[in-house]
Amino acid sequence: MQTRDFLKLAGLTIAQRILPAPLLAFWQQAAGAAAAGRKVIIVTFGGGVRKAETFSPEGLRNIPRLAALRPSGYFYRNCLNEGVLSHFNSTASIVTGNWQRVDDFGFEAPGSATLFEQYRKSLKAGPLDAWVIATNKSFAAMGASGAREYGLPFGANVVLPKQLLLEAINDIVKKPAAGDLSDRGAVQQRLETILQEGYEGVGWTIFKGGRQMDKHVRTTLTRAMGEFINGPEAPTSGDELTFFITREVMREFAPRLLLVNFWDMDVAHWGSYSLYLQAITKTDRLTGMLWDEVRENPKYKDNTTVLILPELGRDGDVNTANGFLNHRSGDASCRNTWLLALGAGVTKGATDTPIRHVDVAATAASILGIRAEGMAGSPAKEILV
Amino acid sequence: MPPPHFDFEHVPVTFAAYFNEQLRGWETLFPAEREYFERLGAYLEKAPAELFAPLAALEPRMGVTPKSWPRGRFTLEQVDFLNRNALYPEWRRVITSIFESINPALDAAVKGKPRLLIVLGPADLPVGPDRMWTRIKGGRRVALQVPEDVSRFGPMLLDGLADRCAAARGPHSAWVVETGETLGAPLTQATRLSYDRLKRYRGRLMEEVQKIAEKGEVRGPRQLGEKLRTLSPKDAEWAGDPVMAEFVRATLLAGNGTLLVNNTFVEWASVQAIRRAKPSFLAAGFGIRNKVKPFSSLLIFADQDAATPIPTTADMLGSYVDLEVFYQYVWQEAGKYVEYRNNTAYLFLAEGMDEMLCLAPPDFTLPGGLLPLPALNRACAEWLGV
Numbered sequence: 040m041q042t043r044d045f046l047k048l049a050g051l052t053i054a055q056r057i058l059p060a061p062l063l064a065f066w067q068q069a070a071g072a073a074a075a076g077r078k079v080i081i082v083t084f085g086g087g088v089r090k091a092e093t094f095s096p097e098g099l100r101n102i103p104r105l106a107a108l109r110p111s112g113y114f115y116r117n118c119l120n121e122g123v124l125s126h127f128n129s130t131a132s133i134v135t136g137n138w139q140r141v142d143d144f145g146f147e148a149p150g151s152a153t154l155f156e157q158y159r160k161s162l163k164a165g166p167l168d169a170w171v172i173a174t175n176k177s178f179a180a181m182g183a184s185g186a187r188e189y190g191l192p193f194g195a196n197v198v199l200p201k202q203l204l205l206e207a208i209n210d211i212v213k214k215p216a217a218g219d220l221s222d223r224g225a226v227q228q229r230l231e232t233i234l235q236e237g238y239e240g241v242g243w244t245i246f247k248g249g250r251q252m253d254k255h256v257r258t259t260l261t262r263a264m265g266e267f268i269n270g271p272e273a274p275t276s277g278d279e280l281t282f283f284i285t286r287e288v289m290r291e292f293a294p295r296l297l298l299v300n301f302w303d304m305d306v307a308h309w310g311s312y313s314l315y316l317q318a319i320t321k322t323d324r325l326t327g328m329l330w331d332e333v334r335e336n337p338k339y340k341d342n343t344t345v346l347i348l349p350e351l352g353r354d355g356d357v358n359t360a361n362g363f364l365n366h367r368s369g370d371a372s373c374r375n376t377w378l379l380a381l382g383a384g385v386t387k388g389a390t391d392t393p394i395r396h397v398d399v400a401a402t403a404a405s406i407l408g409i410r411a412e413g414m415a416g417s418p419a420k421e422i423l424v
Numbered sequence: 471m472p473p474p475h476f477d478f479e480h481v482p483v484t485f486a487a488y489f490n491e492q493l494r495g496w497e498t499l500f501p502a503e504r505e506y507f508e509r510l511g512a513y514l515e516k517a518p519a520e521l522f523a524p525l526a527a528l529e530p531r532m533g534v535t536p537k538s539w540p541r542g543r544f545t546l547e548q549v550d551f552l553n554r555n556a557l558y559p560e561w562r563r564v565i566t567s568i569f570e571s572i573n574p575a576l577d578a579a580v581k582g583k584p585r586l587l588i589v590l591g592p593a594d595l596p597v598g599p600d601r602m603w604t605r606i607k608g609g610r611r612v613a614l615q616v617p618e619d620v621s622r623f624g625p626m627l628l629d630g631l632a633d634r635c636a637a638a639r640g641p642h643s644a645w646v647v648e649t650g651e652t653l654g655a656p657l658t659q660a661t662r663l664s665y666d667r668l669k670r671y672r673g674r675l676m677e678e679v680q681k682i683a684e685k686g687e688v689r690g691p692r693q694l695g696e697k698l699r700t701l702s703p704k705d706a707e708w709a710g711d712p713v714m715a716e717f718v719r720a721t722l723l724a725g726n727g728t729l730l731v732n733n734t735f736v737e738w739a740s741v742q743a744i745r746r747a748k749p750s751f752l753a754a755g756f757g758i759r760n761k762v763k764p765f766s767s768l769l770i771f772a773d774q775d776a777a778t779p780i781p782t783t784a785d786m787l788g789s790y791v792d793l794e795v796f797y798q799y800v801w802q803e804a805g806k807y808v809e810y811r812n813n814t815a816y817l818f819l820a821e822g823m824d825e826m827l828c829l830a831p832p833d834f835t836l837p838g839g840l841l842p843l844p845a846l847n848r849a850c851a852e853w854l855g856v
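So the sequences go chain by chain: R and A.
According to this note's numbering, the stretch in the first sequence is residues 40 to 424, in order.
According to this note's numbering, the stretch in the second sequence is residues 471 to 856, in order.
Written out as structure tokens, the structure reads:
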């Protein structure tokens, strides 16, 4: 019999006698969190950023919001990615709790059950209670695995807002008569058309009514898209769109489990350090705004744990192919980043003790009060004591 | 000239595959690369089995079998096999360790000769010399006498250097890589690469990439690279030079933003030239990149001018930030190779700026006082012996 099966049968009274006090406290904490309907938001501060430009003495100026939030949360100075250094595999490792080695560009689903599937199956949560909102357009398969007894029926809703935007822009570029790109009205109109027409082709996976988009979902997202297009700032960024959609989903559906994937900083591949730094600062701002929403939204305030981490770093400046442009070298700059935990149940502090990417899903599972199956990672008890 | 033949039966298959892949592209290698692989091949043929023992032990643990990895085969399947393997980090460490053992013997055969790298920033950077080259450690600042007409700065500095070096040491031994067309304009013998002059070829590549992406014919960047392997710069000046044609194609397609950003092209082409051709003389001339436009910037392979009526504007400050990093990358790339160690003078300048940063061996001498550009040019020529 496995230890945890034994504990399940024995219950807390017996567990109190056989478990070390810290572990027992941790388990009780997790059980309490579940009872309180705790919510979890995982934010991948991506796609690919080094410590050098973030939580280093010279990098802090790029992330004023996170730097200010750090003392109010628990900070891991070392967060290790020991898996494949592609965006899809790295993020899939975070949401499954196992190092994923599938297709780098999202043509295969994760090989083991995602946190979304485990959560929904375990707690019989509804289809609108777990979402993935991703800037990276190759993340359509991030919401559900190919694992037996799991899969699409238990997966998360996956929304790829940037892909939607790209389709709209592409369409307008090809058809000048439809208006040019400075005409926000034309873009909005096209976006709405796409939402009405065929969302599957542009990265939607909505698990309701036989994969038909729910009217409420469509209305909500169309409105959010319009607000984005007509917003006060020139919308140059897929991450801005991801934030707006995320906020709408939080306000309308209040899911308990949410993965938000920011990705703009992967512009580093273009070889512009300044654009990379701008993207970092923008992501910092958007992450700060997301935290503001958590604190101000009554459905999230005081019951939500936010886990923020880069899915990978980028190559170091020395002895690599081309420094910050890439993220495949496997050096420490690429593999070792950081994690900041904020919100409900999180104690204040910081540690040099490493946490691994595969520990994130296990931690989130504990917070949600589910028994995660088959995860290589372990719950991060430091933040939940 | 056909590639040399080596007996590599005793070399573990994942290592031999890398070497054989290089031999397959023999006709597109620079002379410096051919010399290196001939040295490496000869060394490996006689290398003791102990050198490869850790790799030979690791390969079965990685699942390398004659079926998963037939000897002599190296395709995208093998690349994916390595990338996704749980033991990939260990494999990289073992490969690095093997090269650390090999390199001293290979490096010992290289004869040093004076080399010169000139990195030239654009005019219009919004900072003074005190904010330039901040990532380069060491060196000395030298006051320059600059011409009133800034456009003459680069030509006066380089005046004839590249061609004289190419005449003395071969066409691939002297390179001028630039965003614009001014530095390389008078060249007749040296290797010249210009982002602007490659506009037609870049446009053709971007169209092809866009078409392929729209058709959904490829799964990822590696497959895309394979698909575009045959798309050589037929309409560019390198049509008759397979080595440079392949270099240009690879630089534009394997260098991330090189198709899209002028300075990225100059940086990556310079780094690749240093890594592969090991030129004695290289001048890298950077420029100002354009600002990213709303919306159309998301369509990275679309023609940015055609995609939006918003006027194209230069990003001075952004270019300055970008270039501070690129100066460092070009400089440190040369430092990785024995050909450049202890015998290379590095000059960092910017058009119109009255100060330069010089890192050089003690025997690279400059006249004292305010230094006119022709005098600097003469000092460089004397250093190179051309």
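Note that the Cβ used here is the ideal one computed from N, Cα and C, for glycine as well.
Which whole-angstrom value describes the C-beta separation of residue i and residue j, a residue pair presumed to lie in contact below a C-beta threshold of 8 Å?
{"i": "A:Arg554", "j": "R:Val397", "result": "A:Arg554 to R:Val397, Cβ: 16 Å. No contact."}
{"i": "R:Thr326", "j": "R:Phe144", "result": "Not confirmed; about 25 Å, so no contact."}
{"i": "R:Gly384", "j": "R:Arg77", "result": "7 Å"}
{"i": "R:Phe127", "j": "R:Phe178", "result": "7 Å"}
{"i": "A:Arg670", "j": "A:Ala851", "result": "Actually they do not touch by this definition, with Cβ atoms about 35 Å apart."}
{"i": "A:Leu843", "j": "A:Leu614", "result": "7 Å"}
{"i": "A:Val713", "j": "A:Phe500", "result": "6 Å"}
{"i": "R:Thr343", "j": "R:Gly382", "result": "5 Å"}
{"i": "A:Pro592", "j": "A:Gly757", "result": "5 Å"}
Is residue i helix, strand or coil by DSSP?
{"i": "A:Met826", "result": "strand"}
{"i": "A:Ser664", "result": "strand"}
{"i": "A:Tyr506", "result": "helix"}
{"i": "R:Lys387", "result": "coil"}
{"i": "A:Pro712", "result": "helix"}
{"i": "R:Phe146", "result": "coil"}
{"i": "A:Pro501", "result": "helix"}
{"i": "R:Ile172", "result": "strand"}
{"i": "A:Asn490", "result": "helix"}
{"i": "R:Thr83", "result": "strand"}
{"i": "R:Ile394", "result": "strand"}
{"i": "A:Glu784", "result": "The residue asked about is misnamed: residue 784 of chain A is Ala in this sequence, not Glu. Residue state, collapsed to three classes: strand."}
{"i": "R:Lys78", "result": "strand"}
{"i": "A:Pro832", "result": "coil"}
{"i": "R:Thr153", "result": "coil"}
Who are the neighbours of residue i on chain A, taking C-beta pairs under 8 Å?
{"i": "R:Val123", "result": "Asn553, Arg554 and Tyr558"}
{"i": "R:Arg140", "result": "Arg554, Asn555 and Ala556"}
{"i": "R:Leu119", "result": "Those within 8 Å of R:Leu119 in chain A number zero; the least Cβ separation is about 11 Å."}
Report the neighbours of residue i on chain R: residues whose CB is nearer than 8 Å to its CB, in chain order.
{"i": "A:Gly727", "result": "His308, Trp309, Gly310, Ser311 and Leu364"}
{"i": "A:Arg759", "result": "Ser311"}
{"i": "A:Leu730", "result": "Trp309"}
Since residue i meets chain A, which of its residues come closer than 9 Å, beta carbon to beta carbon?
{"i": "R:Asp356", "result": "Arg605, Val795, Gln798, Tyr799 and Gln802"}
{"i": "R:Leu351", "result": "In chain order: nothing, as chain A lies at least about 13 Å away."}
{"i": "R:Gly416", "result": "By Cβ distance, chain A contributes nothing, its closest Cβ being about 15 Å from R:Gly416, past 9 Å."}
Beta-carbon separation of residue i and residue j under 8 Å?
{"i": "A:Gly624", "j": "A:Leu653", "result": "yes"}
{"i": "A:Phe476", "j": "A:Gly511", "result": "yes"}
{"i": "R:Val198", "j": "R:Ile284", "result": "yes"}
{"i": "A:Phe478", "j": "A:Leu514", "result": "yes"}
{"i": "R:Ala401", "j": "R:Gly136", "result": "yes"}
{"i": "R:Val88", "j": "R:Val345", "result": "no"}
{"i": "R:Lys369", "j": "A:Pro524", "result": "Reading off the sequence, residue 369 of chain R comes out as Gly, not Lys. Not a contact, by the Cβ cut-off of 8 Å."}
{"i": "R:Thr261", "j": "R:Glu291", "result": "no"}
{"i": "R:Ala411", "j": "R:Gln157", "result": "yes"}
{"i": "R:Gly86", "j": "R:Trp377", "result": "no"}
Does the beta carbon of residue i sit closer than 8 Å to a beta carbon anywhere in chain B?
{"i": "R:Asn361", "result": "Of the protein chains in the structure, R and A, none is chain B."}
If the cut is a Cβ gap below 9 Å, which residues of chain R does residue i touch?
{"i": "A:Glu809", "result": "Result: empty, since nearest Cβ-Cβ is about 17 Å, beyond 9 Å."}
{"i": "A:Arg562", "result": "Ser368 and Gly369"}
Q | Completely contained alpha helix (DSSP H) runs for the stretch 631 to 661 of chain A, where each covers 4 or more residues | A | 631 to 639
Q.
Give the list of continuous beta strand (DSSP E) stretches no shorter than 3 residues that lie fully inside the stretch 332 to 359 of chain R.
A. 343 to 348
Q | Contained beta strand (DSSP E) runs [length at least 3] in the stretch 725 to 760 of chain A, N- to C-terminal order | A | 751 to 755
**Q.** 3 or more residues per run - each beta strand (DSSP E) lying fully within the stretch 543 to 622 of chain A
**A.** 585 to 591 and 610 to 615
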